[in-house]
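Visitor: First to last, the sequence lines map onto chains A and B. Going by my numbering, the letters in the first sequence line up with residues 74 to 329, in that order. Going by my numbering, the letters in the second sequence line up with residues 74 to 329, in that order.
Number of protein chains: 2
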Amino acid sequence: MSQKTEFLKPILSSELITTLNAAIGERMLILAGSCTAFFDGRIKSTLELGERILIIKKDLSILMHGVSGVKPLNWQKPKQGPISFLKEKNELVMHTKRKKTEEELWIRFRSIDFVILWAGSDFSSLEIYGDESDLVKYLVEHPSIIEKDLQILSTEFPTDVGYVDIKALDNKKKLLIIEVKKRKTTPSDAFQLKRYKDYFEKIEKKKVRAMLIAPSFPDKVRKYLENNDLESKEIDWKTIFPTISREKNVKIDDFF
Amino acid sequence: MSQKTEFLKPILSSELITTLNAAIGERMLILAGSCTAFFDGRIKSTLELGERILIIKKDLSILMHGVSGVKPLNWQKPKQGPISFLKEKNELVMHTKRKKTEEELWIRFRSIDFVILWAGSDFSSLEIYGDESDLVKYLVEHPSIIEKDLQILSTEFPTDVGYVDIKALDNKKKLLIIEVKKRKTTPSDAFQLKRYKDYFEKIEKKKVRAMLIAPSFPDKVRKYLENNDLESKEIDWKTIFPTISREKNVKIDDFF
DNA sequence: TATTGTATTTCGCAT
DNA sequence: ATGCGAAGTACAATA
């Protein structure tokens, strides 16, 4: 009964219902079959009959996946509320209701292909490096990549219009505001930089420089930057990627 | 061989490798076991040994789920590149490489608990209603919710700085630009509205009104709106939620 | 095909 | 808890 992987008979019996309800929160449940679904919450969604996979993890997170795509068709975050199975009109019904938000999810299986209970565990951590904060950190440690004789003043400097990635002085002691993007820039990025420039020119009562650093600049963005006296610097992060490394998000999955 | 659900022997044999490679893109593959993973792409991530579930869908999307949480530990979007299994150092290794971005994902299974090939299909559509476009639509049909004697001119009106949700004339024939948010507002929402106002005042060469409609306004947002002659209107969408209904995203999963 | 904007965004971090 | 910005965002609509 407490074997690592248990294959249940895919037949809608009261025994199945009992076993499923007992497994919730104890083992991961993987169930495939033909179902409909209804979600009522921040949004409403209905899903007509189709074949899908339902996964209920030990932390009570719910995932219902269709045959394609990375995003689940329906889901619920961990520990939002009790989950129960019941038999209704010859269908296997899963129901959950979030305690706080009153959001509800119903999944009704008309047929079942397989049901698995799996007792997996995981104590390792996902290490990630190479995100935006790593890039800012790297630039601060190697300012000459941006330009010669740059003096870094601060990072994540708070202003009324947001946090400035890098605040620095150039070789003529002129203030340089830098926004760093890991991805291709968008018009919004340029607008944001403009707000920073305006903010500092108002505060300092003199011209300041402002620069967007990113791997790619679409024409529209480049044009806006030029028209607004904003600078751009293209950096292909891959070229410095191998040299940066950092451990973060050292997160251990809870042990149930 | 082409049964709907096939349970493979969870033993690392060359037969398993062959069967898995043959199943890729043909049936959904669900594999549980103890593995490590490495992703190298826009970011780098490493995942130490732990028990996880690997799912490869027929559209070649890859999901690797840990024992908790809704978000996969590693994943790949559909049709990004070929996927292959191989045997290496007595481990079952899954590898994929995106053609364009050169991003790679490696998953190495040290042990396998179960392997399933499943021939599910789904032709139904997820119907969603109550999202932002529904709200805009509802407001356009019931403009008096915004204010009396409002005349709607257009929706999704394109400007140099983005698309305006609603363009209208108030009871004094003054232009009113409206931005609708289903969620709590952020400073960026207010900045965006300001850009719209500036844009239209430049075009029209006279003052225009601009309003943000949303269920909630943090102090910082409210203050920015006040300081910039921008209006706000609080609407709790739940009050009108039950009355709006619409079908969308009528999308059929490809048949493989 | 590339761009744009939403999302039951999710997630981490700072307040 | 709330606020805020980044994300391998994913995904659909659109130009």
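For glycine and all other residues, C-beta sits at the position ideal for the given N, C-alpha and C.
Taking the alpha carbon of B/Lys-245 as the reference point, which residue from B/Ser-227, B/Ser-75, B/Asp-238, B/Asp-222 has its own alpha carbon closest?
Guide: B/Asp-222
Visitor: Contact check, A/Ile-250 vs A/Val-281 under 8 Å by CB: the rounded distance?
Guide: Right, the Cβ-Cβ distance comes to about 6 Å (below 8 Å), so this counts as a contact.
Visitor: Evaluate B/Lys-82 with the Cβ neighbour count: other Cβ atoms within 10 Å of its Cβ, from every protein chain shown; 16 or more gives buried, anything less gives exposed.
Guide: exposed
Visitor: Does the count of Cβ pairs from the region 157 to 169 of chain A and the region 90 to 106 of chain A closer than 8 Å reach three?
Guide: Because the criterion of three Cβ pairs below 8 Å is met, the region 157 to 169 of chain A and the region 90 to 106 of chain A touch.
Visitor: What does the Cβ neighbour count give for A/Arg-256, buried or exposed, with the cut at 16 atoms within 10 Å?
Guide: By the beta-carbon neighbour count (other beta carbons within 10 angstroms, threshold 16), A/Arg-256 is exposed.
Visitor: I'd like the span of the beta strand (DSSP E) that includes A/Ala-110, first residue to last.
Guide: Unbroken beta strand (DSSP E) run through A/Ala-110: 101 to 113.
Visitor: Measuring alpha carbon to alpha carbon, tell me which of B/Lys-275, B/Ile-116, B/Ser-75, B/Leu-178 ends up nearest B/Asp-233.
Guide: If you compare the alpha carbons of B/Lys-275, B/Ile-116, B/Ser-75, B/Leu-178 with that of B/Asp-233, the shortest gap goes to B/Lys-275.
Visitor: For the beta strand (DSSP E) holding A/Leu-226, just list the boundary residues, first then last.
Guide: 224 to 232
Visitor: Which whole-angstrom value describes the C-beta separation of A/Asp-195 and B/Gly-203, a residue pair presumed to lie in contact below a C-beta threshold of 8 Å?
Guide: Their Cβ separation, rounded to whole angstroms, is 36 Å, which puts A/Asp-195 and B/Gly-203 out of contact at 8 Å.
Visitor: Cutting at 7 Å between CB atoms, please list the residues of its own chain near B/Tyr-272, excluding the five before and the five after it.
Guide: Thr-232, Asp-233, Val-234
Visitor: In the DSSP assignment, find the beta strand (DSSP E) that holds A/Gln-149 and state where it starts and stops.
Guide: 147 to 149
Visitor: Say the cut is 6 Å; is the CB of A/Trp-191 nearer than that to a heavy atom of the ligand MN?
Guide: Annotation note on the ligand MN: not contained in the displayed structure, which lists no ligands.
Visitor: Looking at B/Leu-133: is its Cβ nearer than 7 Å to the Cβ of B/Pro-151?
Guide: yes
Visitor: Look at the alpha carbon of B/Ile-116 and the alpha carbon of A/Ile-116, and state the distance between them as a whole number of angstroms.
Guide: 32 Å
Visitor: Touch check for the region 101 to 114 of chain B and the region 170 to 180 of chain B: three-plus C-beta pairs under 8 Å?
Guide: Touching, yes, given that three or more Cβ pairs across the two stretches are closer than 8 Å.
Visitor: So A/Ile-201 and B/Ser-118 are in contact, right, with Cβ under 8 Å, and what is the actual spacing, rounded?
Guide: Their Cβ separation, rounded to whole angstroms, is 5 Å, which keeps A/Ile-201 and B/Ser-118 in contact under 8 Å.
Visitor: Can a CB atom of chain B be found closer than 7 Å to the CB of A/Thr-92?
Guide: The beta carbon of A/Thr-92 does not come within 7 Å of any beta carbon belonging to chain B, so the residue lies off that interface.
Visitor: Assign A/Val-294 to one of three DSSP states: helix, strand, or coil.
Guide: Look at A/Val-294 here: in three-state DSSP terms it is helix.
Visitor: Does B/Val-140 come out as helix, strand or coil in the three-state DSSP assignment?
Guide: coil
Visitor: Does the beta-carbon distance from B/Ile-135 to B/Ile-103 come in below 7 Å?
Guide: no
Visitor: Could you check the C-alpha separation between A/Met-137 and A/Thr-228 for me, to the nearest Å?
Guide: Near 42 Å, if we compare the C-alpha coordinates of A/Thr-228 and A/Met-137.
Visitor: Can you pull out the residues from the region 144 to 178 of chain A whose beta carbon lies closer than 8 Å to at least one beta carbon of chain B?
Guide: Pro-145, Leu-146, Trp-148, Gln-149, Lys-150, Pro-151
Visitor: When you compare only the Cα positions, how much space is there between B/Leu-120 and B/Arg-171?
Guide: 20 Å
Visitor: Can you give the beta carbon distance from B/Glu-277 to B/Leu-248, rounded, assuming they're within the 8 Å contact cut?
Guide: At roughly 6 Å, the Cβ-Cβ gap stays under 8 Å, so B/Glu-277 and B/Leu-248 are in contact.
Visitor: Which residues in chain A sit within 9 Å of B/Phe-273, going by Cβ to Cβ distance?
Guide: Those do not exist, as B/Phe-273 stays about 16 Å from chain A at its closest Cβ, beyond 9 Å.
Visitor: Have a look at A/Ile-84 and B/Lys-311 and give me their C-alpha separation to the nearest angstrom.
Guide: 40 Å
Visitor: Should A/Leu-226 be labelled buried (16 or more other beta-carbon atoms within 10 Å of its own) or exposed?
Guide: exposed
Visitor: For B/Ala-96, collect the residues of the same chain with a Cβ closer than 6 Å to its Cβ; drop the 5 residues on either side in sequence, then sort them by chain order.
Guide: Leu-102, Leu-190
Visitor: Are the C-beta atoms of B/Ala-105 and some chain A residue less than 7 Å apart?
Guide: Under the Cβ distance rule, B/Ala-105 counts among the residues neighbouring chain A, one pair being separated by less than 7 Å.
Visitor: Between A/Asp-262 and A/Lys-254, how many whole angstroms is the CB-CB distance? I'm expecting something under 8 Å.
Guide: 6 Å
Visitor: Name the two residues that bound the continuous beta strand (DSSP E) containing A/Asp-186.
Guide: Boundaries of the beta strand (DSSP E) around A/Asp-186: 177 to 191.
Visitor: Can you pull the chain A neighbours of B/Asp-195, defined as C-beta to C-beta under 7 Å?
Guide: Chain A residues near B/Asp-195: Gly-123, Glu-124, Arg-125, Gly-139, Val-140.
Visitor: Can you check whether the C-beta of B/Thr-312 is within less than 7 Å of a C-beta belonging to chain A?
Guide: No, because no Cβ of chain A sits closer than 7 Å to the Cβ of B/Thr-312.
Visitor: Interface residues of chain B around A/Asp-204 at Cβ under 7 Å?
Guide: Ile-116
Visitor: Got a sec? Which residues, its chain only, sit under 7 Å from A/Ala-283 by beta carbon, not counting five neighbours each side?
Guide: Hits under 7 Å: Ile-250, Leu-266, Tyr-269, Lys-270, Leu-303, Glu-304.
Visitor: Using DSSP bridges, identify the partner residues of A/Ser-118.
Guide: Answer by DSSP bridge pairing, in chain order: A/Phe-112, B/Ile-201.
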